[in-house]
Structure formats: structure tokens, C-alpha cells
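**Student:**
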């Protein structure tokens, strides 16, 4: 019998197709999606990407697709994606974004995340009601960096603990200004919080943690005599010409460069993520070689209730979408990062602190000395968890950003005007 | 005869099917991307609009809160209206002057036409970055020029001072759009009837009188259109403010558009009702503004020549 070539061909095609479909089914993949900030921060991208690779190796058949964003674009994309039920399984968030929790968008990580590896304060930063909703990978403290050579040049010797009195700090500012050196470098061109370091750190030290929290919650008046006294002191610093004239338009990256390279500045209040930019190569915006970086404290406030207080903030965190089809897998990916080894690796590679339990003084490598000094500066410190921009919400948050972050440090407002605006905003929000 | 008439009626009957076929795609696009969003915004304005279909009727509560309890809204309205009233006057009058210069065939007219029109071609994002450099206190061109001529006392952080930030941005948009008005007015001037202008010259009409009594009335419709376009454009300005000042310092450059965006995307809430209410109120403001402008500026006399 002679076979029909057409029939043979058709049979071959059918068998091939069947094999293809079967093999495709055999390697059908589960996909997890992750959206994150840090698109231009190579070390953080590398850390997360490596954690994903380790996770995929442990979970064959699971593929993680990462999309990197800049923060404002990420937040805008998430606002629409969450509404449209098209948000990723895991995404970057910060703990002031309580609207995600209020609208039921976040998966409760209380039971599934490896909390034994996380600092208790970091867990607390993400605990709302009965649930804990974020994995606090990044953390940072508010520090006051300074240029040791310029400090010597103006003839100021810091005490052992790096903390000057109010009067001595103001005197340091005036001496720097007289020497033609910018006393305090800062810029608020693209951030709603760093200008306020000069305001809220003295307030925290003056009021102590409990009353400072009351102030931010609207339970203590901005007209309280201690608040007025502190802001009057800050006004003296501002009026002494402490900040650059272009303060309101200098962006964060430009402020770093201003401090350590051109034109140079005496001090630089900044989050302890300073090294993530400053320790890069000079042609990538980093410090010049052998830059004499020092760490000091904000001034000890006269009659201050907590002069060893410092603000600690949970920074970039990851959360799981409550609508994710694979929440347990998503948490497993986060647990891949939530280990002491990964915590130490995060600190060493990104040069930023973490909410994972890590011994910073044990960090080895090129910048071990810096981390040892940071660890030393952190001894005996009583941390207040949360920035004002993370605790305030709505109109008070907006007013704080415009008034205490921008206008008041820029010398555009008196203490009376600044406190009037804050008081009005807090009262309106409480209605 | 009757049969012929019927055939004629049949030939003149409106081809609704064909018309619908041609119009439908455009109507669908218009409905989907213009009419529905506007209608939905007005609907949102009377609701609290949260995710997962959680929408609650609030009546006029959003509108009352905006009009009675939102100082930032009124600050944004003030800034936007100031911008929308000052800019058209500057842009159109400067555009007319430049158009007249080109019409009078000044030397290097072609070069100047390109140079003055080029800013129109640049996007707001690039313009914003460019002018942030120009306005920089320490090394920006503006302050460096002032220092060069000994006017150090006049140097300021132009975008960092509430008193100068908005005027500085108005200057930028004037720089950007004057060229567009120049080109349109030049076209209008070029199409003026030459016999009218010649008649004016024969009557020994000076240049100034010719401009005010002959040329301007003839190009008045063009001027009105340009003023209305500029007004509308400034009433919804967003990009330049977002790139340069983000509405600061102290809301001195906050516009209604930037405030709507902040309430919708920057604040810690998913509620779209409040920002929609702001947008709805502003839509009415803009419509009213255009009608008032058109009514005030339109010519009441027919020009005969």
C-alpha cells in the first residue's frame, strides 16, 4: 500500500504539536512580579537581583519579573495599578503609605516573614493595628556629617562625643560663615524632608520622645514655649547665614557634591544613606579621594529632655499585594533577603543601614572604618522611630514640607508665621 | 412624472448609514477619551471614590470643603489666574511687536524669525531644566550677568523666593510662547488688504496711528484668538511648575493643575472625589473665563473697507 504523503505530513505535524504542548505544560512557570524604586542605584539593584536569582534557584518553575522605577513614578503607577487590580505581587513601599493598608491592598506578613531576623523597632515601624505589613529592608538615621579639615581650619575642636552645646554650635556656624565657608550644606529642591533635619532633631532633643510624638500627632501645640524656644534657636542659625542661598533649589545629589567637592561645606545634615552616593567614584558623584569625613552630633539643647535622641527611619521596604495569587511564594522571596547574612551584605554593598539584625561594627572591607565610627556614634543613642513626613498625614504633612522643610530654614518665615501655619494645619486636620 | 419625482427624492435622501459609518469611529474616540472622562470627573466630584468599587455619595461636601476650608486651593487659584491674565497680555503684545518688526522687513528677518520661534519647539521639561540652570543663585546666567554689571544687590534665588518665583516662571512662558504668537500674527499681517494700508499712507497716517487705528482692528480676531488660547493654556499649566518648583516655595507657584495632581497622587489617600471636585470647579472657572474674555474683547462693529 502506498501511503499518502499528505497524510504522513499531517500526522507528523500533529505529533510535533502535541509534543510541543506537552513539553510546554511540563515547564509551565509561576510568575511573580516585583516593582521597585532604586532604578539608578546599582548596588541596591544588584542586591535584589541576586536575592531573586537565589530564590529562583530554590524554587524551580518560579520566575520573578522585576521592574525598576524612580520613586515618584513608582508611586503614581502603583496608585493606578492597585485600583485596576493590575498591581504586582511585591512592590516597594515606605511605612508612611498607610493608604495601602487602609484600603486593604497589603498582605499581612505577621505570620509568614522571618521576623526573628528583623530588628524589633523595624517591625514596629510596619505594624498597624493587628498586622505587620512591610519588610523593612532599608533603614537610616539622621546624622550630621562634617569636614574635619574645615572644622580645624575654623579652629573648632569637637568634644569626644562630637556634641557641641547650643551656644558652641551657633558659634561654629558664625566662624565658618566669617571664613567664607558654607556652615550647613542642604538642599530641598527635590525632597520634602532633609531641610527639616535642622528643625526636628533639635525639637526631638528638647522635647524628648513622648512630647515630640505628641507634637507630631497634634496633641502638643506648636506654640508650646519649648517649641518656640527651639525654633528661635534654629532661626538664629538660619539668620547667621548657615545655609546656601540656593537652598530651596539645590537637589539632593547636588547637595552631596556641594558638601564634599565644590564649593565645599562645613557640615551636612543627611540620612546615613550618605555613603550610597558619597562612596562612589568621584566621576559618579562620590567624594574626592581621602575626603576628611567626620561624624558629629546635633547640638545638645539647653534643658533638653533627650540630648542622646536621634531619629531612625524605616526606609525602602517591600510589601506583598493582598490580591497576589501567590502570597506565600512572594513572602518566601522576601525571606530570601531577611537573613543576617543578607543584612550584612546589604550594609556592605549598599553602604546603607537595614532593618535586618546586623552587627555594623563587624562589617569588613573598604569602608569598615566608616561603619565602625557610625556604630560608635550610635552607642547610647535613644532612637525615635519615624520622620515627621512619615508620621504626619494630609494637610499637616503638606504644610510641614512647605514650612519646616523649605520656607523656615530658607529664612522666608518668622517663628511666629511658621508656628501659626503648623498650628492651623494641625487644628484643621483634627476636625 | 410621479415616478420620476420619487426617483429624485430617493436620490436626495440623506445617506444616514454612510454618515454614521464615517462619523462613528471619531464619535467613539471622543466619547471614550473626552466626554466620558469629563462626565466621570463631575460624577466623582459628588462622591468619595475609593478602590474596589467603594464609592459613597457625599453631595456637595467636597465642594464645600474646597471652597470654605482649603487655603491651598485659593492660593493655587490666585496664582493660576494671575498667570492666565498677565501672560496673554505679555505674549500677544510682544508677539505683535516682533511680527511688526518682521513685517517691516528688518535686517536678518529670516534669522530672527527662526530664533524667536525656536523656544516654541522645546518641551516644557527641557525648558524647565534649562531655566533652573539660568536662575541658579550661585552660577546661573541671570545672576552672573547682574554681578557682571555691578548689580550684585539684585541677585536672588529667583525660584526660591516666594516674591520672585511666580514672576520668574511667567517670564519663562512668555519667552516660550511669544514666538508662536509672532508667527500667527505675521501671517495675519501678511494677509491684510494692501489697499487699506496704502489708503492710510496716502492720508498721511503716521506709523503709530496706522498701527492703532488700521492694523490692530484688522487683526483683532487673530489677537482675540491668541489671547484666549494663551489664557486657556495658562489656566491648566502643570509641566513647567512640576519640573522647576513643585508648587513651592510656600505655594507661591502652586497652580490648580499641580494641586489636583498632588491631591490625587501625592497625598496618602486613594480618594479621587476631592481632586475631581477641584477639577470640576476649575472646568467651570475656565469656561466662564473664556466666555467673559470673548464677550469683552469681541468687536461690536463690522469692519468695512
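Chains as they are written, first to last, in the numbering used here: chain A, 1 to 431; chain B, 1001 to 1305.
Ideal placement from N, C-alpha and C gives every residue a C-beta, glycine not left out.
1. Does the beta carbon of residue 1160 of chain B sit closer than 9 Å to a beta carbon anywhere in chain D?
2. Between residue 160 of chain A and residue 377 of chain A, what straight-line distance do the alpha-carbon atoms span, to the nearest angstrom?
3. Should residue 70 of chain A be flagged as near chain B, meaning a C-beta pair shorter than 9 Å?
4. Quick one: which residues of the region 75-87 of chain A get their C-beta closer than 8 Å to a C-beta of chain B? List them in chain order.
5. Taking the straight line between their C-alpha atoms, what separation do you get for residue 373 of chain A and residue 360 of chain A?
6. So, does the CB of residue 1050 of chain B fall closer than 9 Å to a CB anywhere in chain A?
7. Among A/337, A/323, A/356, which residue has its Cα nearest to the Cα of residue 314 of chain A?
8. What is the rounded straight-line gap between the Cα of residue 427 of chain A and the Cα of residue 1170 of chain B?
9. Which residues of chain B have a Cβ atom closer than 8 Å to the Cβ of residue 247 of chain A, listed in chain order?
10. Which residues of chain A have a Cβ atom closer than 7 Å to the Cβ of residue 1137 of chain B, listed in chain order?
11. Residues in the same chain with beta-carbon distance under 7 Å from residue 1172 of chain B, minus the five sequence neighbours each way, listed in chain order, please.
12. For residue 105 of chain A and chain B, any beta-carbon pair shorter than 9 Å?
13. Determine, using beta-carbon pairs with one atom in the region 300-309 of chain A and one in the region 57-66 of chain A, whether at least three such pairs fall under 8 Å.
14. Could you work out which residue in A/295, A/296, A/278, A/297 is closest to residue 289 of chain A when comparing CA atoms only?
15. Is residue 178 of chain A helix, strand or coil when you go by DSSP?
16. Would you identify the three-state DSSP class for residue 99 of chain A, choosing helix, strand or coil?
17. In chain A, what lies closer than 9 Å to residue 1069 of chain B by C-beta?
18. Between the region 99-115 of chain A and the region 316-329 of chain A, do three or more beta carbon pairs fall short of 8 Å?
19. Since residue 1253 of chain B contacts residue 1165 of chain B with CB under 8 Å, what's their CB separation in whole angstroms?
20. Within a Cβ cutoff of 6 Å, which residues of the same chain sit near residue 371 of chain A, ignoring the five residues on either side of it in sequence?
21. With distances taken between CB atoms, is the gap from residue 1250 of chain B to residue 407 of chain A smaller than 9 Å?
22. Drop a sphere of 10 angstroms on the beta-carbon of residue 1223 of chain B, count the other beta-carbons inside from all chains shown, and report buried for 16 or more, exposed for fewer.
23. For chain B, find out if any of its Cβ atoms is closer than 9 Å to the Cβ of residue 362 of chain A; answer yes or no.
24. Smallest Cα separation from residue 401 of chain A: which of A/157, A/36, A/196, A/268?
25. How would you call residue 149 of chain A, buried or exposed, if buried means at least 16 neighbouring beta carbons within 10 angstroms?
26. Whole angstroms is fine: what's the gap from residue 256 of chain A's alpha carbon to residue 353 of chain A's?
27. Residue 350 of chain A to residue 43 of chain A, Cα distance in whole Å?
28. In the DSSP assignment, find the alpha helix (DSSP H) that holds residue 412 of chain A and state where it starts and stops.
29. Taking only the alpha-carbon atoms, compute the straight-line gap between residue 422 of chain A and residue 1273 of chain B and give it to the nearest angstrom.
**Tutor:** From the atom records:
1. Protein chains in the displayed structure are A and B, and chain D is not among them.
2. 10 Å
3. no
4. 75, 76, 79, 82, 83
5. 10 Å
6. yes
7. Shortest Cα-Cα distance from residue 314 of chain A to any of A/337, A/323, A/356 involves A/356.
8. Distance between the alpha carbons of residue 427 of chain A and residue 1170 of chain B: 35 Å.
9. 1157, 1160
10. 245, 246
11. Only 1127, 1131, 1240 meet the Cβ criterion.
12. yes
13. no
14. A/278
15. helix
16. helix
17. 428, 431
18. yes
19. 5 Å
20. 360, 363
21. yes
22. Here residue 1223 of chain B is buried. Its C-beta has 16 or more other C-beta atoms within 10 Å.
23. no
24. A/196
25. exposed
26. 18 Å
27. 5 Å
28. Here residue 412 of chain A belongs to no alpha helix (DSSP H), and DSSP marks it neither H nor E.
29. 26 Å
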